[in-house]
Ligand SMILES: NC(=O)c1ccc[n+]([C@@H]2O[C@H](COP(=O)([O-])OP(=O)(O)OC[C@H]3O[C@@H](n4cnc5c(N)ncnc54)[C@H](OP(=O)(O)O)[C@@H]3O)[C@@H](O)[C@H]2O)c1
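Numbering (this note's numbering), first residue to last: 2 to 300.
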């Protein structure tokens with residue numbers, strides 16, 4: 002074993018923040034970290050700092066066997082393979098099996114809030130992964146149930162600022178979202194804290210917001226009014242299809258609104274502060290920091 006910590010998906014946006022916080026916030030020695038990615042060539046900056054770099058692809062069992070045997074604590078960052086329904090769960094199960102075979106002492110995984118019985122069409126990927134971890138013989142694990150990223154609002158902000166309308170099927174459902182950087186900070190802290198326990202955290206911001214609240218904040222920062230227009234779920238799907246999205250993908254995105262409307266992202270917890278000792282970043286301040294990008298979305 003050559004490292005204390007291994008992070009998969011290290012070239013991804015969250016993975017980069019996890020490795021950053023391991024190094025800069027937790028003060029972990031670079032040589033104690035393995036940054037693993039399908040594209041290790043993209044991690045040259047980390048290699049230059051002394052971080053160990055390995056190729057790991059959840060679709061390639063050999064790549065996992067070799068790398069996971071080198072680390073005591075492994076963070077599996079969930080993949081983004083939403084275009085192949087069901088494949089994400091296959092990938093995550095393969096990663097868990099490889100960690101088990103390699104003798105990993107503590108496995109960590111990035112999940113979502115309340116994945117069981119969720120109307121979100123990809124929630125079964127997370128529910129199934131959590132179940133596979135709990136059924137494994139890995140002696141200790143931590144499940145990191147991450148609420149939505151602040152950054153996700155930028156996807157809706159473009160069309161909303163262009164048209165002045167934010168179409169929603171989420172009713173008055175609230176989102177207790179949190180910044181991606183804070184989730185990287187929390188994952189790094191959970192890695193460093195990993196011991197012999199089995200734990201489940203739900204990381205959220207300190208407040209929750211309806212789409213109306215969010216649209217009002219975006220509008221203020223961008224200097225253009227945005228009206229939230231309530232539509233039925235099918236109307237939302239057909240609107241996305243009309244804008245060029247394949248229908249199965251539109252149905253996945255629309256199911257996010259159903260989940261929000263049902264309160265699936267609304268619960269606020271104190272887990273982030275309990276683990277990191279800090280308050281999560283404020284959403285209002287984050288939106289303000291995006292004012293330039295938001296203004297540039299107005300045609
Ligand atoms: N909470 C939220 O709001 C939210 C939003 C979007 C996504 N997510 C989930 O959180 C994950 C991380 O978010 P992000 O912002 O970092 O997304 P991202 O920048 O799109 O990164 C995608 C991640 O998936 C990894 N990946 C893809 N295929 C893989 C494979 N075959 N084997 C191993 N890893 C693979 C990538 O790793 P490499 O490219 O380095 O191999 C990368 O870390 C996403 O993949 C998704 O599951 C959460």
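We put the beta carbon where it would ideally sit given N, CA and C, even for glycine.
All of these numbers come straight from a predicted model, not from anything done at the bench.
Query - Contact test: residue 40 Cβ vs ligand 1 heavy atom, cutoff 7 Å - result: Result yes, Cβ under 7 Å from ligand 1.
Query - Distance between residue 104 and residue 1 (C-alpha atoms, nearest Å) - result: This structure gives no information on residue 1, because the portion of the chain shown stretches from 2 to 300.
Report task. Look at residue 27 and residue 10 and say whether their C-beta atoms are less than 8 Å apart. Result -> Not a contact, by the Cβ cut-off of 8 Å.
Requested in this report: Provide the residue(s) that pair with residue 107 in DSSP beta bridges, ordered along the chain.
Outcome: Per DSSP, 74, 141.
**Report entry** Presumed contact (8 Å Cβ cut-off) between residue 35 and residue 68, rounded CB distance
**Finding:** That belief holds up - the Cβ atoms of residue 35 and residue 68 are roughly 7 Å apart, short of 8 Å.
Query raised in the report: For residue 92, which of 58, 260, 276 has the nearest alpha-carbon?
Result: Restricting attention to 58, 260, 276, the CA atom closest to the CA of residue 92 is found in 58.
Query raised in the report: CB of residue 80 to nearest heavy atom of ligand 1: below 7 Å?
Result: Yes, Cβ of residue 80 sits closer than 7 Å to a heavy atom of ligand 1.
Requested in this report: Kindly examine ligand 1 and report whether one of its heavy atoms sits closer than 7 Å to the Cβ of residue 181.
Outcome: Yes, the Cβ of residue 181 comes within 7 Å of a heavy atom of ligand 1.
**Report entry** Contact set for residue 213: own chain, Cβ-Cβ below 6 Å, skip 5 residues either direction
**Finding:** The residues 229, in chain order, have a CB closer than 6 Å to that of residue 213 in the same chain once the five nearest residues on each side in sequence are set aside.
Query raised in the report: Alpha carbon to alpha carbon, what distance is there between residue 294 and residue 225?
Result: If I take the Cα positions, the gap works out to 13 Å.
Query raised in the report: Span of the beta strand (DSSP E) holding residue 186?
Result: In the DSSP assignment, residue 186 falls outside any beta strand (DSSP E) and lies within the alpha helix (DSSP H) extending over 181-194.
Requested in this report: Would you identify the three-state DSSP class for residue 84, choosing helix, strand or coil?
Outcome: DSSP places residue 84 outside both helix and strand once states are collapsed to three, so it counts as coil.
Query - Any non-hydrogen atom of ligand 1 within 7 Å of residue 84 CB - result: Residue 84: no, Cβ never under 7 Å from ligand 1.
Query raised in the report: Enumerated in chain order, which unbroken segments of the beta strand (DSSP E) with a length of 3 residues or greater are wholly contained in the region 219-295?
Result: Counting whole runs of 3 or more residues, the region 219-295 contains the beta strand (DSSP E) stretches 228-231.
Query raised in the report: What three-state label does DSSP hand residue 146 in the structure shown?
Result: Strand, per DSSP.
Query raised in the report: Do you know how far the Cα of residue 144 is from the Cα of residue 278?
Result: As the crow flies, the alpha-carbon of residue 278 is around 19 Å from that of residue 144.
**Report entry** Distance, residue 31 Cα to residue 46 Cα
**Finding:** The alpha-carbon atoms of residue 46 and residue 31 are separated by roughly 12 Å.
Query raised in the report: Within the present structure, is the beta-carbon of residue 92 separated from the nearest heavy atom of ligand 1 by less than 7 Å?
Result: Indeed, a heavy atom of ligand 1 lies less than 7 Å from the Cβ.
Requested in this report: Say whether the region 166-176 touches the region 121-129, bearing in mind that this needs 3 or more beta-carbon pairs closer than 8 Å, one atom from each stretch.
Outcome: In short, these stretches do not touch, since the Cβ pair count stays below three.
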